[in-house]
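**Student:**
4 protein chains.
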Amino acid sequence: MSETKARARRAGASKLHEVPGERLELVPRFAAQGYEEADVAARRAWLEEKLGCSLPMIGAGAIAGPTMRGNVENPIGAAQVPLGIAGPLLVHGEHARDIFYVPFATTEGALVRSYERGMLALTRGGGVTARVLQDENSATPLFAFSELEQAVELARALPALFPQLAEAAAATTAHGRLVRVEPRVIGREVLVTCVFSTGDASGMNMVGRATHAVCELLVERFRPRRWLLMSGAEAEKRAAGALLAGGKGKSVVATARLAPAIVRSVLGVEAALMVECWRASTRAQAEAASLGINVQAANALAAVFIALGQDVANVVNAATAVFALDASADGGLELQVHLPSLTVATVGGGTGIGTAPECLDILGCRGDGHARKLAEILAATVLAGELSLSAAVAAGQHAEAHDRYGRKR
Amino acid sequence: MSETKARARRAGASKLHEVPGERLELVPRFAAQGYEEADVAARRAWLEEKLGCSLPMIGAGAIAGPTMRGNVENPIGAAQVPLGIAGPLLVHGEHARDIFYVPFATTEGALVRSYERGMLALTRGGGVTARVLQDENSATPLFAFSELEQAVELARALPALFPQLAEAAAATTAHGRLVRVEPRVIGREVLVTCVFSTGDASGMNMVGRATHAVCELLVERFRPRRWLLMSGAEAEKRAAGALLAGGKGKSVVATARLAPAIVRSVLGVEAALMVECWRASTRAQAEAASLGINVQAANALAAVFIALGQDVANVVNAATAVFALDASADGGLELQVHLPSLTVATVGGGTGIGTAPECLDILGCRGDGHARKLAEILAATVLAGELSLSAAVAAGQHAEAHDRYGRKR
Amino acid sequence: MSETKARARRAGASKLHEVPGERLELVPRFAAQGYEEADVAARRAWLEEKLGCSLPMIGAGAIAGPTMRGNVENPIGAAQVPLGIAGPLLVHGEHARDIFYVPFATTEGALVRSYERGMLALTRGGGVTARVLQDENSATPLFAFSELEQAVELARALPALFPQLAEAAAATTAHGRLVRVEPRVIGREVLVTCVFSTGDASGMNMVGRATHAVCELLVERFRPRRWLLMSGAEAEKRAAGALLAGGKGKSVVATARLAPAIVRSVLGVEAALMVECWRASTRAQAEAASLGINVQAANALAAVFIALGQDVANVVNAATAVFALDASADGGLELQVHLPSLTVATVGGGTGIGTAPECLDILGCRGDGHARKLAEILAATVLAGELSLSAAVAAGQHAEAHDRYGRKR
Amino acid sequence: MSETKARARRAGASKLHEVPGERLELVPRFAAQGYEEADVAARRAWLEEKLGCSLPMIGAGAIAGPTMRGNVENPIGAAQVPLGIAGPLLVHGEHARDIFYVPFATTEGALVRSYERGMLALTRGGGVTARVLQDENSATPLFAFSELEQAVELARALPALFPQLAEAAAATTAHGRLVRVEPRVIGREVLVTCVFSTGDASGMNMVGRATHAVCELLVERFRPRRWLLMSGAEAEKRAAGALLAGGKGKSVVATARLAPAIVRSVLGVEAALMVECWRASTRAQAEAASLGINVQAANALAAVFIALGQDVANVVNAATAVFALDASADGGLELQVHLPSLTVATVGGGTGIGTAPECLDILGCRGDGHARKLAEILAATVLAGELSLSAAVAAGQHAEAHDRYGRKR
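Residue numbers (the numbering used here), protein chains in the order written: chain A, 1 to 409; chain B, 1 to 409; chain C, 1 to 409; chain D, 1 to 409.
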């Protein structure tokens, strides 16, 4: 038995419980949670032996075990996802003012080519204008009382308490700031949405801590029967109508205009046909009771979130996008997309680990002061994808593009 | 200048267009789209030089360039994401009947630990029962006519045409099968949802090709003014009420029951408190106009989808989950979750590339014949997360867990 | 004391319960629930005396007390609502093929004038084409089991049981027919949507009874722990995404085309401007997380439902409409509206009482064999309102129209 | 020919247009729009002759023609709807503090009896606590620009402009007051939600006029390409997720608590069973992609809105309710309902015409100063219905209750 396997066996020896005919084994933890290189290897070896499989590729990753602390538990190596690059994408933002090449971590064939095509069209057309309108994140604690009157009392007292609550929040974080609190009495319970500016972090940890401080103050004063830090009303990582009003991340808008010649030459389809098809699609989407209207904003968000070390589960809230495609006065296209709840970060979370810092470098978005720039680039990227897919749908090329670039099955 | 840089420079030399003061450059393509190792390296070098950054980690990935063909375009290397393992998870499915250790590709600290805790509780409680109820995928083409009567004619003719349409679809794929067509006249347009069984693939490429064949037949016969292969009504990668009725992937259910002692010892909270908190959360979620009810199903889906080479953008449709937590007769918990539109695959797409095959091996789900097994494991995994997060919310530990395991910001 | 007051006092003398300082009184019931004219008058007198108010107008209604039996309890008279007439509306349906004048019971000033304007434009433009695509109603019982496997067993057994279930349903009604059953396992519970054709009645009573018979058969065979006849999933009188797929009433479509000259002369606005404004409105509605897309379909539905003795609470499901407004090839307008869940009846419910039969006569829709005709007329009516309001919005006349016709406040 | 017929024939003689084979006739207008009694009779006679039907009941209504001016156009008489009374309902509100008997205009058999049963249980249980939390109404104009930057400019300038906008709004109405403006940039367009307090009126006419004044000021300053007074984002008379956050009418909450003995004796079912059934129903409703969670709030709203001269189409927004039913500590029930967008009025609109003033008198809610009282009574009424229906669903009595009281079909 190799040393790594022996190491794992020693750490994982703890039996948990006897399931009929089985002896449960915990994943080996080792000392200090097992972030040493040798621990990671030993845990992998334990798994290989236990399952009778071989995991060389997982072990071939280059992320050092100790650097994973704080980002993952029970590490066994690294997942590797193909990384492609799409561009050039010319963005005229307030924060992003450059030509960008955007990294996509994806295994969906034809995806990068499709975005590249959209970017090319937008860039040749003069580029994408982008703006960040709101920039905040929120948690919505719930306070449950025995009587409605008590819930109402808290709700009505809230405006006067704001300075104290903001101070309590401020004591927990140097980066976040409580910007407003919004009560909603729903019965004996009152929801209190706590909205923060979060700087360049996604900020949910900071929001959690600061909201906790707000809650402690409210709990002490109003003595609810129960309270929840995260009631679920914040729609974190869930699809919800409330997301369209913002409050979860950045509200970003991107717009562009394309001359008819560019639509024709780069996208190979007539602008008027695209507009007609898009209008039909908007009602088809309404018939599906869709939240937002878009072609597939999630495609770019997922691929770029993986590349950039974002919290990928936030794609669910971030993809609640409203895209529009209209005819311009000169017979070309006017495009726009609104991403009301785009949760992105350039510091904290997974932005400092694995290949994420390098991918952030590719966009010039590494570290403090770059989150709004990143939001503008992402909105422009989504717009490129919406444009390209809309063109493909209009041209009936959808199936064919996949056939040419994608694996068949 | 190094050889890789020179190679890139030659390939990327094509100027596109003059933006004011800029010379646009396409991402270098090289011969045959540039999947040779040297091409990948050269493309990366081109980017490094162009942007003045350094991308060693992206280059340190172990995915061979040529194997990326069909999964990504313009490859520059691989994204690396920390991979942790959570388990043991005992599943009593029709297809999955074993104890599993589930790989999570994530950078969200405390996530793996949270799922591990949930899995431990469920497994010690006797395991998770899981079943796949529907197993299909769909596209919804739209046919636009000049007059309502023509749309009605197509809709009414559809049942009688089904055998022909199924035959046309069958000619395009050996793996998929058209199981039904559902027309919906929405005006001069008719939506025709084409539902397929897709075997072990996610199947959207297959669905696209087969639906195209169906469309050609309908187009020839009914001569619509316009038609769209994908109208948007299929809610692929978008959040939509229609997803709850299924039709996009597998409809899977997982249930479990926990004795009060296990809730107390593993989760550190009273069952009755969890039930009370969950009930308050369901109305908080309703107040946010949520689609589905769950804590954060997206967390597991995103992390496992990345690890397993799934199409990660499908997290948006897959996360439309309805979770429930009730008191059991003995004072413990009864749990269940319904994932109506879980799009997973064990063949095709990204399942054969990078670390995905190894991660599929960890679950015993590599290759043909394993997609339903994978769906059952995933539903059980989601249930574990819902359980653990619900306990954390009830115990007020939410903020604290992040503080202990996650990076702060 | 008058005889009517004395009569009421005797009937209402039963004391219920002592609330602090109060003696509760039930509404007087009299013999046989009190539908005699004298009972109705006495009940009204009781109320007048108790509250110290005067209710002559309520007593001036012409509905005979005994005819109210089965439609209302504790009758005190009749509500009176102003009734206006809008038309002419030319409809080319399969069932409605005529020029109609539509009765509106409303107190919203300018409403009838607005619909009249829309009808005039549509009629002069050549009329409205309308079709009923689906015609059914449904209930969704829920069966709760102790174990998931049992729920799955019921779901999988359902197709083979259909003939028996249909027979059981048929034994309860001469007018309805079970057309399909659709199971959805959501955990230990299974939802079974029972879809019926209901002839010319709205049919929810019939659906309730027939579904009850279906349930009894399923309950006997599968022995659920609990079952609910109406689970809530049928979205009866509630807004829900599921309504767009139909199953609750009639799925009706109406379309029309208007030459630019008619748009200009009748609506006083340019067609192109209307199209542009409507497109902006569709995204504004998406931003509000709207269900369906329309201007205010509920206006016509509410006013006509009151006039025609429909169940007015069904306006909530019926108003889930998708309207569209596009430019036609000649510079005019193409319009269409889809009402997927329009619950209307020409027999049963309130169709035989008060002024409803006369209002049904105005449309030639009284009695058996007219429900689909009524659905076509209503869809055309909704289209007229959408057209007129869209024009008003585009012309900026919205506020002014109210000023001219409506009461100010 | 009678004089009324002759009168109508003269007024309606104007031919409109020749449809193939038809001569279109406008509804006769007479002088001054035809509100004289004789005009109303003549218009009815015209319709009778034209259609060959007889409308005596419509003519038997007691609403004087001239009083209809401002509430309906082309009047032909009055619709009559059976009016029943349900109570006693004990309400502990801030504005409503009394025992009430509530008038229902309905033709749905068993409805009044069901609400009466719920009211009885609530009243005997100690009554309903109710509170109005928000009290406002809104319109959301849209301003479309050529460039995104211009939309952003308007949005960012809005806070500083608020005093001017409020002043402009104030000049148009003595009853309403602009309380805040909320911009949302969605592309080249910006939505500006203008929120008003509206006193005791529903206030949409006032809101329309005041918003128009706000728009004129913004239009003059920012020169948009286009603007819409009502963009559709205000979700007036439509179902939309945005309604749950309030802003459209009153946000009202009602709560109550019932001892187990009352549940058993009045409702004939065990509290624990009701709670269990309700929990199953909440997930069934989630599976239907419902907006809000409730049994059938629309039932009460529709019936009371008709009786009280409310704008009945507002039932669609008002019915977006979140109801909850939990076990209380003593084995009884805790109930609550939140109506976030309840649009009710005691002045203006239809509150002064027909039987509405008398029905408002029954509730002591006629005229100025009573709108919040009415909102509290209505929330308590809805709670009574939710309770009674929940009990019926739990007891499996749903079908039977209809059989006993309702007409069969």
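C-beta atoms are modelled at their ideal positions from N, C-alpha and C, and glycine is treated no differently.
Under the DSSP definition of a beta bridge, which residues are partnered with ALA233 of chain A?
**Tutor:** Mapped onto the first sequence, residue 233 of chain A falls at position 233. Answer is none; ALA233 of chain A lacks a bridge partner.
**Student:** What span of residues does the alpha helix (DSSP H) with TYR115 of chain A cover, start to end?
**Tutor:** On the first sequence, residue 115 of chain A is found 115 positions in, with the first residue counted as 1. Note, TYR115 of chain A: alpha helix (DSSP H), 111 to 124.
**Student:** Would you mind telling me which residues of chain A sit closer than 9 Å to LEU228 of chain B, beta carbon to beta carbon, in chain order?
**Tutor:** Translated into the one-based positions of the second sequence, residue 228 of chain B becomes position 228. Here the neighbours are CYS277, ALA280, SER281, ALA284, VAL393, ALA394, GLY396, HIS398.
**Student:** Could you pull out every residue in the same chain whose Cβ sits closer than 6 Å to the Cβ of ALA62 of chain A, ignoring the five residues on either side in sequence?
**Tutor:** The residue given as residue 62 of chain A occupies position 62 in the first sequence. Excluding sequence neighbours, ALA62 of chain A sits near nothing in its chain.
**Student:** For ALA201 of chain B, does the count of other Cβ atoms within 10 angstroms reach 16, so buried, or fall short, so exposed?
**Tutor:** In the second sequence, the residue the question calls residue 201 of chain B occupies position 201. Buried, since its Cβ has 16 or more Cβ neighbours within 10 Å.
**Student:** First and last residue of the alpha helix (DSSP H) that includes ILE99 of chain D?
**Tutor:** As a first step, residue 99 of chain D is located in the fourth sequence; it is residue number 99 there, counting from the start. No alpha helix (DSSP H) contains ILE99 of chain D, which is instead part of the beta strand (DSSP E) from 97 to 105.
**Student:** Classify SER265 of chain C as buried or exposed, calling it buried when 16 or more other Cβ atoms lie within 10 Å of its own Cβ.
**Tutor:** One-based indexing of the third sequence puts residue 265 of chain C at position 265. By the neighbour-count rule (16 or more Cβ atoms within 10 Å), SER265 of chain C is not buried but exposed.
**Student:** Could you tell me which of A:GLN310, A:GLY352, A:ALA356 sits nearest to VAL344 of chain A, measuring between CA atoms?
**Tutor:** Taking the first residue of the first sequence as 1, we reach residue 344 of chain A at position 344. Out of A:GLN310, A:GLY352, A:ALA356, A:GLN310 has the C-alpha closest to the C-alpha of VAL344 of chain A.
**Student:** Looking at VAL192 of chain A and PRO260 of chain A, is the spacing between their C-beta atoms short of 7 Å?
**Tutor:** Along the first sequence, one-based indexing puts residue 260 of chain A at 260. Along the first sequence, one-based indexing puts residue 192 of chain A at 192. Not a contact, by the Cβ cut-off of 7 Å.
**Student:** Would you say GLY87 of chain C and PHE100 of chain C are within 7 Å of each other, going by their C-beta atoms?
**Tutor:** Taking the third sequence and counting its residues from 1, the one referred to as residue 87 of chain C is at position 87. Taking the third sequence and counting its residues from 1, the one referred to as residue 100 of chain C is at position 100. The answer is yes: Cβ separation under 7 Å.
**Student:** Quick test of the definition: if touching needs 3 or more C-beta pairs under 8 Å, does the segment 289 to 307 of chain C touch the segment 376 to 383 of chain C?
**Tutor:** At 8 Å Cβ cutoff, the stretches touch.
**Student:** Just the C-alpha distance for LYS50 of chain B and LEU335 of chain A, rounded to the nearest angstrom, thanks.
**Tutor:** Taking the second sequence and counting its residues from 1, the one referred to as residue 50 of chain B is at position 50. Taking the first sequence and counting its residues from 1, the one referred to as residue 335 of chain A is at position 335. Taking the straight line joining both Cα atoms gives about 29 Å.
**Student:** Under 8 Å Cβ-Cβ, which residues of chain D neighbour ASN299 of chain C?
**Tutor:** Against the third sequence, residue 299 of chain C aligns to sequence position 299. Neighbours of ASN299 of chain C on chain D, chain order: LYS237, ALA313.
**Student:** Under a Cβ-count criterion, where at least 16 other Cβ atoms within 10 Å of its own Cβ denotes burial, should GLU236 of chain B be classed as buried or exposed?
**Tutor:** Here residue 236 of chain B refers to the residue found at position 236 of the second sequence. Classification for GLU236 of chain B: buried.
**Student:** If you drop the 5 nearest sequence neighbours on each side, which residues of the same chain put their C-beta closer than 6 Å to that of SER114 of chain C?
**Tutor:** Residue 114 of chain C sits at position 114 when you count from the first residue of the third sequence. Counting only Cβ-Cβ distances below 6 Å, and skipping sequence neighbours, we find SER388.
**Student:** Hey, would you say THR346 of chain D sits closer than 7 Å to GLY367 of chain D, going by beta carbons?
**Tutor:** In the fourth sequence, the residue the question calls residue 346 of chain D occupies position 346. In the fourth sequence, the residue the question calls residue 367 of chain D occupies position 367. Yes; because the gap between Cβ atoms is below 7 Å, this pair is in contact.
**Student:** Going by the beta-carbon positions, is the gap between LEU111 of chain D and PHE222 of chain D smaller than 7 Å?
**Tutor:** For the purposes of this step, residue 111 of chain D is taken as residue 111 along the fourth sequence, with counting starting at 1. For the purposes of this step, residue 222 of chain D is taken as residue 222 along the fourth sequence, with counting starting at 1. Result no, Cβ atoms of LEU111 of chain D and PHE222 of chain D do not sit closer than 7 Å.
**Student:** Report the residue ranges of all alpha helix (DSSP H) runs contained in full by the segment 53 to 80 of chain B; include only those spanning at least 4 residues, in chain order.
**Tutor:** Segments of the alpha helix (DSSP H) lying fully in the segment 53 to 80 of chain B: 56 to 59.
**Student:** When DSSP builds the beta bridges, which residues end up paired with ALA240 of chain B?
**Tutor:** Taking the first residue of the second sequence as position 1, residue 240 of chain B is located at position 240. The partner list for ALA240 of chain B (beta bridge, DSSP) reads A:SER290.
**Student:** Counting beta carbon pairs with one atom in the segment 347 to 357 of chain B and one in the segment 63 to 78 of chain B, are three or more of them shorter than 8 Å?
**Tutor:** Flag = yes, the segment 63 to 78 of chain B and the segment 347 to 357 of chain B touch.
**Student:** Report the rounded CA-to-CA distance for GLY187 of chain B versus ARG156 of chain B, giving the unit in angstroms.
**Tutor:** Position 187 of the second sequence holds residue 187 of chain B. Position 156 of the second sequence holds residue 156 of chain B. Cα to Cα, GLY187 of chain B sits roughly 14 Å from ARG156 of chain B.
**Student:** Comparing alpha-carbon positions, which option in C:LEU122, C:VAL322, C:LEU308, C:VAL337 lies nearest ASP361 of chain C?
**Tutor:** Counted from its first residue, the third sequence places residue 361 of chain C at position 361. Among C:LEU122, C:VAL322, C:LEU308, C:VAL337, the Cα nearest to that of ASP361 of chain C belongs to C:LEU308.
**Student:** Near ALA139 of chain A, what residues of its chain come up, given a Cβ to Cβ distance below 6 Å and the 5 sequence neighbours on each side ignored?
**Tutor:** Start at 1 with the first residue of the first sequence, and residue 139 of chain A comes out as number 139. Excluding positions up to five away in sequence, the list reads CYS194, VAL207, THR211, MET230, GLU234.
**Student:** With H, G and I counted as helix, E and B as strand and the rest as coil, what does DSSP make of THR193 of chain D?
**Tutor:** Stepping through the fourth sequence from its first residue, residue 193 of chain D is reached at position 193. Looking at THR193 of chain D - three-state DSSP - the assignment turns out to be strand.
**Student:** Quick check on this structure: which residue in C:VAL393, C:GLU147, C:GLU220, C:LEU122 has the alpha carbon closest to the alpha carbon of MET274 of chain C?
**Tutor:** Working through the third sequence from its first residue, we reach residue 274 of chain C at position 274. Residue C:VAL393 is the option with its Cα nearest to MET274 of chain C.
**Student:** Per the DSSP calculation, ARG226 of chain B is bridged to which residue(s)?
**Tutor:** Reading the second sequence from its first residue, position 226 is the one you call residue 226 of chain B. Answer is B:ALA144, bridged to ARG226 of chain B.
**Student:** Taking Cβ positions only, does VAL344 of chain A come closer than 7 Å to chain C?
**Tutor:** As a first step, residue 344 of chain A is located in the first sequence; it is residue number 344 there, counting from the start. Output row for VAL344 of chain A: interface = no.
**Student:** Using a Cβ cut-off of 7 Å (strictly closer), state whether ARG180 of chain C contacts chain D.
**Tutor:** The residue given as residue 180 of chain C occupies position 180 in the third sequence. Not one chain D Cβ lies under 7 Å of ARG180 of chain C.
**Student:** Residues in the segment 26 to 43 of chain A with C-beta within 8 Å of chain B's C-beta atoms, listed in sequence order?
**Tutor:** Of all residues in the segment 26 to 43 of chain A, LEU26, VAL27, ARG43 have a Cβ within less than 8 Å of some Cβ in chain B.
**Student:** Which residues, taken in chain order from the segment 182 to 194 of chain B, show a beta carbon closer than 9 Å to some beta carbon of chain D?
**Tutor:** Result list empty, no residue passes.
**Student:** Less than 6 Å between C-beta atoms, sequence neighbours within five positions excluded: which residues of the same chain meet that for LEU122 of chain D?
**Tutor:** Locating residue 122 of chain D in the fourth sequence gives position 122, where the first residue counts as 1. Once the five neighbours on either side are set aside, the close Cβ partners of LEU122 of chain D are VAL128, ALA256, ALA384.
**Student:** Quick one: list the residues of chain A neighbouring GLY87 of chain C, beta-carbon separation under 9 Å, in chain order.
**Tutor:** Taking the third sequence and counting its residues from 1, the one referred to as residue 87 of chain C is at position 87. The premise fails here: GLY87 of chain C is roughly 28 Å from chain A at the closest Cβ pair, so nothing lies under 9 Å.
**Student:** From the DSSP output, in three-state form, read off GLU270 of chain B for me.
**Tutor:** What you label residue 270 of chain B is simply residue 270 of the second sequence in a count that begins at 1. Three-state DSSP puts GLU270 of chain B in coil, outside helix and strand.
**Student:** Tell me whether ILE353 of chain C sits in a helix, a strand or coil according to DSSP, three-state version.
**Tutor:** Position 353 of the third sequence, counted from the first residue, corresponds to residue 353 of chain C. Residue state, collapsed to three classes: coil.
**Student:** Whole angstroms are fine: how far does the CA of GLU220 of chain C sit from the CA of GLY21 of chain A?
**Tutor:** Taking the first sequence and counting its residues from 1, the one referred to as residue 21 of chain A is at position 21. Taking the third sequence and counting its residues from 1, the one referred to as residue 220 of chain C is at position 220. Note that GLY21 of chain A scores 45 on pLDDT, short of 50, meaning its location in the model is unreliable; the coordinates nonetheless yield the value given after this. Cα to Cα, GLY21 of chain A sits roughly 37 Å from GLU220 of chain C.
**Student:** Can you pull the chain B residues whose beta carbon is under 9 Å from the beta carbon of GLU287 of chain D, in chain order?
**Tutor:** Taking the fourth sequence and counting its residues from 1, the one referred to as residue 287 of chain D is at position 287. What GLU287 of chain D touches in chain B: LEU244, ALA245, GLY292, VAL322, HIS338, PRO340.
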